[in-house]
Structures are given as structure tokens and as C-alpha cells.
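Asker: If you read the protein sequences in the order shown, they are chains V and F.
For the first sequence, the working numbering gives the first residue as 141, with consecutive numbering after it.
For the second sequence, the working numbering gives the first residue as 141, with consecutive numbering after it.
Number of protein chains: 2
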Amino acid sequence: MGFTHIVSAYIGIAQSPNHAGAVCTGHRTKGMERAVTSPSPEKLPTLDDVADAAKVSTATVSRCLNEPAKVSEKTREKVMQAVEALGYTPHFGARALAANRTFTIGAIIPTMENAIFARGLQAFQEGLHAQGYTLLVASHAYQPEIEAEQIRALVARGADGLLLIGHRREDDVYRFLERRGVPALIAWAVQDAPRLPAIGFDNKAAMQGLADHVLSLGHRNIGVISGLVAGNDRASGRLAGIRAAMEAHGLDQTALPVEETAYGVENGAAAFARLMQLRPRPSVVMCGNDVLAVGAMQQAREMGLLVPDDVSVTGFDNIELARIATPGLTTVDVPHREMGRRAADALIAMVAGTSAGESLELPVEITKRGSLGRVV
Amino acid sequence: MGFTHIVSAYIGIAQSPNHAGAVCTGHRTKGMERAVTSPSPEKLPTLDDVADAAKVSTATVSRCLNEPAKVSEKTREKVMQAVEALGYTPHFGARALAANRTFTIGAIIPTMENAIFARGLQAFQEGLHAQGYTLLVASHAYQPEIEAEQIRALVARGADGLLLIGHRREDDVYRFLERRGVPALIAWAVQDAPRLPAIGFDNKAAMQGLADHVLSLGHRNIGVISGLVAGNDRASGRLAGIRAAMEAHGLDQTALPVEETAYGVENGAAAFARLMQLRPRPSVVMCGNDVLAVGAMQQAREMGLLVPDDVSVTGFDNIELARIATPGLTTVDVPHREMGRRAADALIAMVAGTSAGESLELPVEITKRGSLGRVV
DNA sequence: TTGTAAGCGTTATCAC
DNA sequence: GTGATAACGCTTACAA
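1) Quick check on the burial criterion: 16 or more other C-beta atoms within 10 angstroms. Buried or exposed for residue 429 of chain F?
2) Can you tell me which of the three DSSP states residue 174 of chain F falls into?
3) What's the gap between the Cα of residue 303 of chain F and the Cα of residue 191 of chain V?
4) Counting only C-beta atoms, is residue 237 of chain V closer than 8 Å to chain F at any point?
5) In this structure, does DSSP put residue 357 of chain F in helix, strand or coil?
6) Between residue 466 of chain F and chain V, is the shortest Cβ-Cβ distance under 8 Å, so that the two count as touching?
7) So, does the CB of residue 184 of chain F fall closer than 8 Å to a CB anywhere in chain V?
8) Give a yes or no on whether 8 Å exceeds the smallest Cβ distance from residue 310 of chain F to chain V.
9) Is residue 514 of chain F a contact residue of the ligand NAP, with contact defined as CB to any heavy atom under 7 Å?
10) Since residue 460 of chain F meets chain V, which of its residues come closer than 8 Å, beta carbon to beta carbon?
11) Specify the secondary structure class of residue 300 of chain V as computed by DSSP and reduced to three states.
12) Decide if residue 323 of chain V is buried, meaning its Cβ has at least 16 other Cβ atoms within 10 Å, or exposed.
13) Just reading off the beta strand (DSSP E) that residue 279 of chain F is part of, what are its end residues?
14) Chain V partners of residue 232 of chain F, CB-CB under 8 Å?
15) Would you tell me roughly how many angstroms separate the C-alpha atoms of residue 382 of chain F and residue 345 of chain V, rounded to the nearest one?
16) With 16 as the cutoff for other CB atoms within 10 Å, does residue 440 of chain F come out buried or exposed?
17) Helix, strand or coil, according to DSSP, for residue 394 of chain V in the structure here?
18) Closest to residue 515 of chain V by C-alpha separation, out of V:369, V:331, V:313 and V:422, would be which residue?
19) Below 8 Å between beta carbons is the criterion; list the residues of the segment 208 to 231 of chain F that meet it against any residue of chain V, in chain order.
20) What does residue 438 of chain V touch in chain F if you count any residue whose Cβ is under 8 Å from its own?
21) Determine, for residue 511 of chain F, whether the minimum Cβ-Cβ distance to residues of chain V falls below 8 Å.
22) Which residues of chain V have a Cβ atom closer than 7 Å to the Cβ of residue 201 of chain F, listed in chain order?
23) Given a threshold of 16 other Cβ atoms within 10 Å of its Cβ, counted over all protein chains shown, does residue 279 of chain F qualify as buried or as exposed?
24) If you measure between the beta carbons of residue 385 of chain F and residue 348 of chain F, is that distance less than 8 Å?
25) Please classify residue 448 of chain F as buried or exposed, where buried requires at least 16 neighbouring CB atoms within 10 angstroms.
26) Taking any Cβ of chain V, which residues in the segment 422 to 435 of chain F have a Cβ under 8 Å from it, in chain order?
27) Would you grab the beta carbon distance between residue 256 of chain F and residue 294 of chain F for me? Rounded to a whole angstrom, and I think it's under 8 Å.
28) What are the boundary residues of the alpha helix (DSSP H) that residue 490 of chain V is part of?
29) On the DSSP bridge list, what partners appear for residue 505 of chain F?
30) Spell out whether any CB of chain F is found under 8 Å from the CB atom of residue 99 of chain V.
31) In whole angstroms, what separates the C-alpha of residue 321 of chain F from that of residue 493 of chain F?
32) Between which residues of its own chain and residue 485 of chain V is the CB-CB distance below 7 Å, once the five residues before and five after are set aside?
33) Pull up the distance between the alpha-carbon of residue 316 of chain V and that of residue 290 of chain V, whole angstroms please.
34) Going by the DSSP bridge assignment, what does residue 312 of chain V pair with across the sheet?
35) Please classify residue 334 of chain F as buried or exposed, where buried requires at least 16 other C-beta atoms within 10 Å of its C-beta.
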């Protein structure tokens with residue numbers, strides 16, 4: 141087993157509440173001497189400096205660093221020594237300017253607050269790193285305008301390629317990407333005739349599979365806690381999956397009670413409470429993701445309801461939380477890591493011009509745990 | 141209440157297991173037409189193009205974008221129209237090269253796998269964004285060499301300033317930072333006479349406070365699950381805090397059983413199992429962070445031990461998990477958001493040259509939940 | 001208020 | 001294999 145570790149960095153934008161006036165008091169400033177960082181004006185070594193020190197031209201130094209094969213062993217050694225001695229580091233900006241290439245890939249995800257995208261992104265990152273690329277991530281809290289802004293920001297920063305989540309977004313954005321010629325790949329969802337190549341899974345089919353299972357356990361009163369559907373094809377797909385399963389079982393899906401809310405434990409709890417007011421009371425609450433589901437289970441306990449005896453709960457994503465919750469959460473297991481890994485390879489191929497981008501659908505599985513019971 | 145959202149992006153490096161040979165099969169490629177992204181060779185507009193279009197010089201365009209006040213309203217309008225019309229975006233690399241400034245701040249944190257740093261980092265990010273800075277984050281999985289590598293990478297990328305976690309690191313690294321004149325700030329820990337200014341809390345005192353509380357409930361057989369102490373001043377500080385509390389209560393801290401392990405739910409579980417073999421069996425297991433503690437509680441359930449009746453458990457950090465766990469986890473509540481917010485302000489001041497960096501210690505509190513009981 | 005022009009540190013195309 | 005040298009797109013004195 142490999143010892144994996146993540147290393148990543150993000151650039152970010154937050155439409156934050158203006159905390160300008162927040163005066164924080166009550167803290168003591170300990171008796172620590174003020175560590176003064178003399179911003180040493182010492183000039184940084186440049187390619188020129190290295191070239192001088194090694195008695196070669198800048199071109200040769202550049203080659204040593206970028207295509208060592210094209211340089212004689214002797215020269216290379218001389219140069220590398222000079223590099224060491226001077227502590228030279230190439231200037232990223234200059235490099236980007238001259239080569240018009242950054243070896244940077246940008247990923248724009250909805251959120252970093254919960255672990256939904258963490259695992260997949262880590263795998264993505266590992267895949268990129270293995271090929272010498274660096275990842276830049278931005279998130280947008282499910283706000284389309286911000287997503288657009290972030291996409292522009294990453295492109296401006298010189299991203300060679302972009303990873304996006306889901307298909308639904310303004311046409312402008314797609315046109316912008318085309319115009320700039322920035323290769324982009326969509327993950328976490330597939331659909332027919334996508335605007336961009338996609339690697340992911342079928343959210344509707346996945347949830348439909350889970351709903352089938354739920355129905356097969358005898359449940360007939362389903363309640364749903366869905367993520368916000370507007371502009372989110374994963375959320376709407378999942379909801380559609382439940383409806384489809386009901387129809388397939390000859391049930392009236394139009395009567396399905398749905399609580400739509402932003403992802404978040406608290407929101408899941410609140411939505412669950414509302415659903416429990418219904419008569420007949422749902423025997424199972426299917427949630428749009430694990431975070432909502434955990435909130436629902438918390439609320440159930442709060443209300444003195446036993447899961448799964450009094451009410452069953454299901455999630456989606458199979459993040460760590462699903463395993464830790466009590467009881468364990470029955471959920472849809474998404475191939476996070478494989479999705480990330482394959483997305484990395486695919487996107488790099490696109491950036492390299494090796495491929496125009498193949499779409500790929502990955503299979504999902506249902507992970508059964510204690511939160512879903514049979515109707516007696 | 142402001143509607144906060146995060147947006148961030150990360151650059152990353154992972155020393156990943158080589159998955160090169162991994163051949164993944166069994167996936168179907170759906171009937172989706174290959175979305176061919178014509179990498180439109182359309183050239184991007186430059187400052188020159190805008191200048192031409194607006195019939196002004198490049199200098200004026202640059203000023204419009206950077207110091208609009210220094211340009212007449214009329215010209216500005218003309219220029220902005222041209223910018224819009226052409227869809228111009230400044231080239232980040234060129235800008236960094238010319239101005240030697242990126243308005244980018246780097247943060248190097250130990251991990252993104254769990255939520256320990258997420259909240260603080262988000263606040264940090266918001267603070268930066270409010271002042272026009274962008275965040276770049278890297279993580280290193282608690283490996284000092286990688287931290288050093290990441291620091292260099294972020295500096296190479298032109299970070300104007302750096303946020304680091306904890307104080308302990310090789311002298312080289314500090315010298316490197318000084319040499320490059322990159323302002324840096326340490327968060328999550330304070331210590332006397334720090335090498336760099338720091339904003340954080342006293343890990344030892346915090347844990348000592350919790351241990352005091354534990355002892356006051358009658359516990360005398362404490363077991364500890366600590367994070368890896370080597371090179372981690374937070375982990376070692378916390379452990380020292382427990383020892384200090386014991387001494388203060390006249391107990392023999394040298395007899396304290398300590399399981400040292402990397403952070404992780406599984407690891408916490410395993411360590412807990414080992415502690416439960418001891419005789420006398422600990423009546424309380426104090427953990428270095430919430431993740432370990434949740435693992436410990438899972439294992440307790442696995443072993444049929446009731447928390448807190450059979451054994452108590454405590455954590456540190458007060459992340460969301462601590463609230464979701466059953467029973468709720470008694471833990472040390474860290475001022476994540478305030479730390480992040482203040483760090484942002486402080487670091488920006490340092491970057492701007494307004495301040496040499498003031499160290500600041502923030503207070504922590506104990507959050508009491510069900511996992512810690514009284515000894516009967 | 002605006003324009004001119006000299007860099008900024010690389011890469012890449014040529015010759016040699 | 002190696003060395004000149006011309007871009008790359010922007011900022012910023014300095015001049016006008």
C-alpha cells in the first residue's frame with residue numbers, strides 16, 4: 141500500500157460578509173519579542189547570474205533545466221552546481237510569459253466545506269503531479285456567477301486546462317473557454333451529448349438504483365431531502381432518479397414530498413423535522429447527499445425517533461461521515477478516486493493535444509449500512 | 141448574517157503511490173458524441189490591442205486597470221469599452237514579471253484530508269479576498285521535507301507572503317524565507333521568542349486546561365492517544381499539557397500511557413484498542429485531536445464499551461465531527477475563524493510593509509459534551 | 001493627463 | 001552542443 145499524501149494549494153475568492161469593522165478584543169499579546177523579518181532586499185539570482193557563474197549562455201542554463209538530455213553531461217554538471225550555489229529558482233511568471241505554458245491545471249468545485257469532493261480531488265491531484273502538473277483549485281459555493289468568475293480567474297492565471305463539476309452553466313462560459321482555447325473536462329456527472337467531454341457517473345441512474353432498493357424493502361412513503369436543484373444537474377438528476385424508480389413501481393411520483401435545501405448538516409436536520417410533520421409520515425427519508433442525511437439522523441435522534449426502526453435514512457456519496465454516523469448510513473458509493481485519477485489522465489492528454497477528450501461513465505454501487513431498514 | 145462562501149484553489153504536489161500500471165476496466169463508454177474542443181488558435185487580446193482599439197497608449201490602459209483614479213473619466217470609459225469589446229484579460233505571468241508582485245498569499249498546511257484547518261483557512265481566505273489578495277494553499281501530510289518543498293514552490297510561484305502552521309522546522313527553511321525577503325506568519329501555535337510572528341493559541345495550556353477538568357471529574361487513570369510528536373509542536377505541546385496537569389495534581393506523569401499515531405480515524409481506533417488492554421484500564425482516553433477521538437469512540441462501540449459509562453473520551457479542535465459523534469465529544473474549542481481572519485490582516489500588513497508582524501495569542505475554551513463523564 | 005520606452009526573467013529560433 | 005538574440009505582455013519611471 142502506498143503512503144499517499146496530499147499536497148495542494150488554493151487560490152480563492154470569497155464573497156464574504158464585510159467584517160471590516162470587527163474589533164476583536166480580549167486577547168493578550170504575550171511577552172514575545174517582535175520577530176522582525178528584515179525584508180532582505182538581496183536580489184534574487186536569475187538565469188543570467190547562473191549563466192555567468194557557470195560560464196555558459198542563458199540558453200544553455202534553460203536547456204539544462206528543461207531538457208537536460210540536450211546538454212552535454214559536463215556542462216550540465218557545471219550548470220547544476222552554479223544553480224545550487226546560487227540557490228536559483230526559476231521565476232514562474234517569466235516562464236509563463238515566455239513559454240505560454242504553466243503546467244498548471246485548474247479545478248473549480250462547488251465547495252470545500254465538506255468532504256464530498258476531497259477524495260476525488262486528491263486523486264486528481266496525484267494524477268496530475270505524477271505527470272509534472274500542478275493543481276489550482278477554486279470553489280464557488282454553488283453560485284453560478286462565482287463559478288464563472290473563478291473560471292476566468294484560473295484562465296487568467298494561466299491554467300493550461302480546467303476541471304469542472306457538472307454540465308449546467310451559462311453558454312457564455314462555454315464560449316469563453318472555447319474562445320481561449322482552454323481544454324476543459326467535466327467530472328462528477330455524465331450526460332448525453334455533453335458540451336464538453338465528461339468523466340463521471342449517472343446521478344439519476346445511481347439514485348434510481350438506491351430508490352429501487354428502498355422500494356424493494358417495502359417502503360411506500362418516501363420523503364426526500366434534496367440539494368438545491370437550480371443550476372445543479374447532480375442534485376436534479378438524483379431527484380429525478382427517485383421519481384423514476386417510483387414510476388417504475390407504479391407509484392405516483394407527483395405526490396412525492398420533497399424538501400429542497402442547501403447542503404449542510406443543519407439544513408438536513410431542519411428539512412427532516414419538516415418531513416416528519418407529514419401524515420402519513422414517511423417511513424424513509426432519502427437525502428441528496430450524506431451531509432444532509434447525517435443532519436437528518438441527528439434530528440431524528442433529537443426527536444426521539446429510532447433509525448431505522450421508526451424511520452429509515454439514506455445518503456449519497458459515501459464520504460467518511462457515512463461510516464462514522466450512528467447507525468452507519470446506507471448510501472451510494474461513488475468511485476471518487478478512480479474518477480479523479482482518470483480525469484487527470486484525460487485532461488493532461490487534452491492539454492497535450494493527444495486527445496480531444498473522451499467521455500466516460502463509471503459505475504457506482506450501493507453501500508448498505510444500518511440506516512435503512514425493512515418496512516414491517 | 142452575511143452569506144459567506146468559500147472560493148479557493150490549490151496547487152498541489154503529492155508523493156503518490158505510483159499507479160502507473162493501474163488498468164481500469166469494466167466501464168462503459170456511453171453513446172456520447174465526442175465533444176471536440178477545437179483549441180481555437182484565435183490569438184488573445186493584449187494590452188497593445190486594447191490600446192490600439194481605444195486609441196491610447198498601453199501605459200494608459202495599464203493605468204485604467206490598476207489606478208483608475210489617475211485617468212480622466214473620458215479616457216477610462218473609452219478604454220473600458222475596448223476592454224469589454226475585446227474580452228481582454230491581463231496576463232498574470234507578464235504582470236508578475238513586470239510588477240514583481242502577484243497579490244497572492246500562500247498557505248502551507250499539514251493536511252486537507254480532515255476538517256482541522258478548513259474553517260480557519262476559509263476565514264483566512266475571506267480576509268485576503270476582502271483586500272484583493274488571492275490564496276494559494278499547499279499541504280504536506282506532516283512531512284517536513286515536503287513542507288520545505290512546498291514553501292519553495294509557492295515562493296517560486298510568486299507568493300507575496302506565506303502562512304505556515306506551527307514553529308518547528310529546519311533552519312534552512314527560515315533562512316530561505318529571510319533570504320528571499322518573503323514575509324511569513326505562523327498560525328495555530330504560539331511560543332516564546334518565535335522565529336517568525338505568530339497568531340494562534342497555546343496548545344500546551346489549552347490541553348492542560350482540559351486535563352485539569354478531566355482530573356477534577358475524578359479520573360486518575362488517563363490514557364493518551366497523541367498525534368505524532370516529531371516535528372509537530374502542536375502535538376507535543378498538547379501532550380506536555382496533559383503531563384503538566386498531572387504533575388500539578390501530584391500524579392506521576394512518567395507513568396502516563398501514550399499511544400502515538402498519525403492522525404486518522406482508523407489510527408485512533410487501533411490506538412484505543414491497545415490502550416484498553418492496559419491494567420488498570422484507563423477510565424478516560426484523551427486524544428490529540430477530534431479525528432483520533434472519533435476513532436477511539438468507534439472502537440469503544442466495537443468493543444462493546446459504553447462512552448462515557450465504561451470509558452470517557454476527549455478530543456481537541458472542535459470540528460464538526462465532534463458534534464456529530466455519538467455521544468458528542470468533549471473537546472477544546474479553537475477559535476478557527478478568528479485566527480484565520482486575524483492572520484489575514486496581519487500578513488497583508490506585513491506584505492504591505494505596514495507592520496513587521498505582531499504575535500498574538502488567542503484564548504481557547506472547553507466544549508463539554510457527552511463523551512466525558514465523572515468517575516463514580 | 002497621457003505617451004515613450006526601458007526593463008522584468010524566461011523560452012525558443014536561429015546560426016555557429 | 002552551444003550561444004546570440006528576439007520575443008512574451010505588462011508596469012513604471014520619465015518626458016511631454
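C-beta atoms are modelled at their ideal positions from N, C-alpha and C, and glycine is treated no differently.
Please read all numbers here as calculations on a predicted model, not as lab measurements.
Answerer: Taking the definition as stated:
1) As a first step, residue 429 of chain F is located in the second sequence; it is residue number 289 there, counting from the start. With 16 or more other Cβ atoms within 10 Å, it is buried.
2) As a working note, residue 174 of chain F is residue 34 in the second sequence. Note that residue 174 of chain F scores 36 on pLDDT, short of 50, meaning its location in the model is unreliable and no value can be drawn from it.
3) As a first step, residue 303 of chain F is located in the second sequence; it is residue number 163 there, counting from the start. As a first step, residue 191 of chain V is located in the first sequence; it is residue number 51 there, counting from the start. Going from the Cα of residue 303 of chain F to the Cα of residue 191 of chain V covers about 33 Å.
4) Taking the first sequence and counting its residues from 1, the one referred to as residue 237 of chain V is at position 97. Yes, because at least one Cβ of chain F sits closer than 8 Å to the Cβ of residue 237 of chain V.
5) Start at 1 with the first residue of the second sequence, and residue 357 of chain F comes out as number 217. Here residue 357 of chain F sits in coil by DSSP.
6) If you number the second sequence from 1, residue 466 of chain F lands on position 326. Closer than 8 Å: yes.
7) The residue given as residue 184 of chain F occupies position 44 in the second sequence. It does; some Cβ of chain V falls within 8 Å.
8) On the second sequence, residue 310 of chain F is found 170 positions in, with the first residue counted as 1. No, no contact with chain V.
9) Questions concerning the ligand NAP fall outside what the structure shown contains, since it holds no ligand whatsoever.
10) Reading the second sequence from its first residue, position 320 is the one you call residue 460 of chain F. Within chain V, the residues near residue 460 of chain F are 405.
11) Here residue 300 of chain V refers to the residue found at position 160 of the first sequence. Three-state DSSP puts residue 300 of chain V in coil, outside helix and strand.
12) By one-based count along the first sequence, residue 323 of chain V stands at place 183. So residue 323 of chain V counts as buried.
13) Here the question's residue 279 of chain F lines up with position 139 in the second sequence. Element bounds for residue 279 of chain F: 274 to 279.
14) Counting from 1 along the second sequence, the entry for residue 232 of chain F is found at position 92. Residues of chain V passing the Cβ test: 233, 236, 296, 297 and 298.
15) The residue you call residue 382 of chain F lines up with position 242 of the second sequence. The residue you call residue 345 of chain V lines up with position 205 of the first sequence. Answer to the nearest angstrom: the Cα atoms are 52 Å apart.
16) If you number the second sequence from 1, residue 440 of chain F lands on position 300. Burial call: buried.
17) Residue numbering aside, residue 394 of chain V sits at position 254 when the first sequence is read from its first letter. Residue state, collapsed to three classes: helix.
18) Here residue 515 of chain V refers to the residue found at position 375 of the first sequence. Of V:369, V:331, V:313 and V:422, the residue nearest in Cα terms is V:422.
19) 227, 229, 230 and 231
20) For the purposes of this step, residue 438 of chain V is identified with residue 298 of the first sequence, where counting begins at 1. Correct list: 464.
21) Along the second sequence, read from residue 1 onward, the residue named residue 511 of chain F stands at position 371. No - not a single Cβ of chain V is within 8 Å of the one on residue 511 of chain F.
22) To locate residue 201 of chain F, count along the second sequence from 1; it is residue 61. Those within 7 Å of residue 201 of chain F in chain V number zero; the least Cβ separation is about 16 Å.
23) Your numbering for residue 279 of chain F matches position 139 in the second sequence. Under this definition residue 279 of chain F is a buried residue.
24) In the second sequence, residue 385 of chain F corresponds to position 245, counting from 1. In the second sequence, residue 348 of chain F corresponds to position 208, counting from 1. Yes.
25) Counted from its first residue, the second sequence places residue 448 of chain F at position 308. It is buried - the Cβ of residue 448 of chain F has at least 16 other Cβ atoms within 10 Å.
26) 434
27) By one-based count along the second sequence, residue 256 of chain F stands at place 116. By one-based count along the second sequence, residue 294 of chain F stands at place 154. About 20 Å; that fails the 8 Å criterion.
28) Taking the first residue of the first sequence as 1, we reach residue 490 of chain V at position 350. Residue 490 of chain V -> alpha helix (DSSP H) spans 476 to 492.
29) Residue 505 of chain F sits at position 365 when you count from the first residue of the second sequence. For residue 505 of chain F, which the question treats as bridged, DSSP gives the partners F:473.
30) No information on residue 99 of chain V is available, as it lies outside the stretch 141 to 516 that chain V covers here.
31) For the purposes of this step, residue 321 of chain F is taken as the residue at position 181 of the second sequence. For the purposes of this step, residue 493 of chain F is taken as the residue at position 353 of the second sequence. Roughly 11 Å separates the two Cα atoms.
32) For this step, residue 485 of chain V is matched to residue 345 along the first sequence. Excluding residues within five positions, the ones whose Cβ falls inside 7 Å are 267.
33) The sequence position of residue 316 of chain V within the first sequence is 176, counting from 1. The sequence position of residue 290 of chain V within the first sequence is 150, counting from 1. Spanning the two alpha carbons is a distance of roughly 12 Å.
34) Working through the first sequence from its first residue, we reach residue 312 of chain V at position 172. Residue 312 of chain V is not bridged to any residue.
35) Within the second sequence, numbered from 1, the residue matching residue 334 of chain F stands at position 194. Counting Cβ neighbours within 10 Å, residue 334 of chain F comes out buried, since at least 16 surround it.
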